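A.B. asks: Quick note on numbering: the sequence shown equals residues -24 to -1, 1 to 133 in mature numbering (1 follows the signal peptide of the UniProt record, and there is no 0).
The beta carbon of each residue, even a glycine, is placed where N, CA and C say it ideally should be.
All values derive from a computational prediction rather than experimental measurement.
Would you mind keeping the following structure in view while I ask a few things?
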Amino acid sequence: MKTVFKAGLAAAALLVAGAMPASAQSRVQVGTLSCNLAPNVSFVLGSVREMSCSFLPSSRSAKAGTYQGVTRRFGLDLGFSTSGRMVWAVFAPTAVVGRGALRGTYVGASTNASFGVGLGANVLVGGSSNTIALQPLSVEGQTGVNLALGVSDLTLR
């Protein structure tokens, strides 16, 4: 199982390194998005998880915000996991984003492996007019037995 875990982490590194276009990599970091995920049972070909999120801006002139969301994974997804936490660096074309600017749908590649405690990577682009990037690596702390690789979408409201 350690080999599976290491393979998942290697896949995560490859996804992070190559999945984002150069324009997304040159954006300004405007804060962090921290999400608490509900427990999950995978459906072999995909999964759905509810989450509650908090945006903490980098700039004092911007406002913090809360979001409710759901993430869907399409592709190989086997296992179960307890509640977890994901944290993304939020990038935008300007240094300050308005209240609610993170609302919308994000799409990207994802990978996850866990046996006991797990880690995952999710590279996502979307939000307000597809101008927000959640990157480069989300930190996913969860417990359970799970292996997943595929395309994810995240909807924040």
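Nearest-angstrom Cα distance between Thr107 and Ala77?
C.D. replies: Their backbone Cα atoms lie some 9 Å apart in a straight line.
A.B. asks: Could you tell me whether the region 62 to 74 touches the region 16 to 23, using the rule of 3 or more Cβ pairs below 8 Å?
C.D. replies: No, the region 62 to 74 does not touch the region 16 to 23.
A.B. asks: By alpha-carbon positions, which one of Tyr43, Gly7, Arg133, Phe19 ends up nearest to Gly55?
C.D. replies: Checking every option, the nearest Cα to that of Gly55 belongs to Phe19.
A.B. asks: In chain order, what residues of the same chain have a beta carbon less than 8 Å from the beta carbon of residue 136, not counting five sequence neighbours either side?
C.D. replies: Residue 136 lies beyond the residue range present for the chain, which begins at -24 and ends at 133; the question has no answer from this structure.
A.B. asks: Around the C-beta of Ala124, are 16 or more other C-beta atoms found within 10 angstroms, so that it is buried, or is it exposed?
C.D. replies: It counts as buried.
A.B. asks: Taking just the CA atoms, how far does Val6 sit from Leu100?
C.D. replies: Rounded to whole angstroms, Leu100 to Val6 spans 15 Å at the Cα level.
A.B. asks: Mind pulling the beta strand (DSSP E) runs of 3 or more residues that sit fully within the region 12 to 40?
C.D. replies: Taking only runs of at least 3 residues, the beta strand (DSSP E) segments lying wholly in the region 12 to 40 are 20 to 33.
A.B. asks: Rounding to the nearest angstrom, what Cα-Cα distance links Thr131 and Ser37 in this structure?
C.D. replies: Each residue's Cα considered, the two are about 26 Å apart.
A.B. asks: On the three-state DSSP scale, how would you describe Ser59?
C.D. replies: Residue state, collapsed to three classes: coil.
A.B. asks: Per DSSP, Val6 forms a beta bridge with which residues?
C.D. replies: Its beta-bridge partners do not exist; DSSP assigns none.
A.B. asks: Roughly how many whole angstroms lie between the Cα atoms of Gly60 and Thr81?
C.D. replies: Those two C-alpha atoms are separated by around 21 Å.
A.B. asks: Taking the DSSP output, what are the residues bridged to Arg48?
C.D. replies: DSSP lists Val24, Asp129 as partners of Arg48.
A.B. asks: Excluding sequence positions up to five away, which residues of its chain have a Cβ less than 6 Å from the Cβ of Ala(-8)?
C.D. replies: Legend: pLDDT at Ala(-8) = 39, less than 50; position of this residue unreliable, value from coordinates given subsequently. If we look at Ala(-8) and ignore the five residues flanking it on each side, it has no Cβ neighbours.
A.B. asks: In angstroms with no decimal places, state the Cα-to-Cα distance between Ser105 and Pro33.
C.D. replies: In a straight line, the C-alpha of Ser105 is about 19 Å away from that of Pro33.
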